[in-house]
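Take this note's numbering: the last position of the sequence shown gets the number 189, and nothing is skipped along the way.
Every residue gets a Cβ at the ideal spot worked out from N, C-alpha and C, and that includes glycine.
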Amino acid sequence: NYGECEICNTPLEERNIQQSFWIKDKWVVIENVPVGVCPQCGEKVVTAEVGEYIAELLKDSKRIDKAPFISVPLIKYEGATGVS
106 NYGECEICNT PLEERNIQQS FWIKDKWVVI ENVPVGVCPQ CGEKVVTAEV
156 GEYIAELLKD SKRIDKAPFI SVPLIKYEGA TGVS
């Protein structure tokens, strides 16, 4: 049980998601990460145990190097900067 969202107090729902991280010069995606997700505002939380396991996965450079690679489109943002 993940409890309630700290932002909007809505009960969190357990889901498995993909979470991505930049590790040095590599984009690493971890699949099937169990998280609590707020259906109202989208806030996501992980348990301490899950967070520790993710940290261990991200330290394992051999595992990262052996993992399958994916390609993603890279699009340059060329719109307004929002700065006046």
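Distance between residue j and residue i (C-alpha atoms, nearest Å)
| i | j | result |
| --- | --- | --- |
| E119 | C113 | 17 Å |
| I239 | K164 | The shown model of the chain, from 106 to 189, leaves out residue 239, and the question about it has no answer. |
| V177 | C110 | 31 Å |
| E157 | V140 | 13 Å |
| K129 | I169 | 12 Å |
| A153 | C146 | 22 Å |
| E161 | V155 | 10 Å |
Closest Cα partner of residue i within the set the options
| i | options | result |
| --- | --- | --- |
| V134 | I159, A153, P144 | I159 |
| K171 | K131, P116, T115, C110 | K131 |
| K149 | T115, I175, G184, Y182 | T115 |
| S166 | W127, E109, V140, N106 | W127 |
| P173 | Y107, K129, G108, E136 | E136 |
| P144 | G108, K129, E154 | G108 |
C-beta contact flag for residue i and residue j at 7 Å
| i | j | result |
| --- | --- | --- |
| Q124 | V142 | no |
Residues bridged to residue i [DSSP beta-bridge criterion]
| i | result |
| --- | --- |
| D126 | In the sequence on display, residue 126 carries Phe and not Asp. Note: F126 sits in a beta bridge opposite V133. |
| N121 | P139 |
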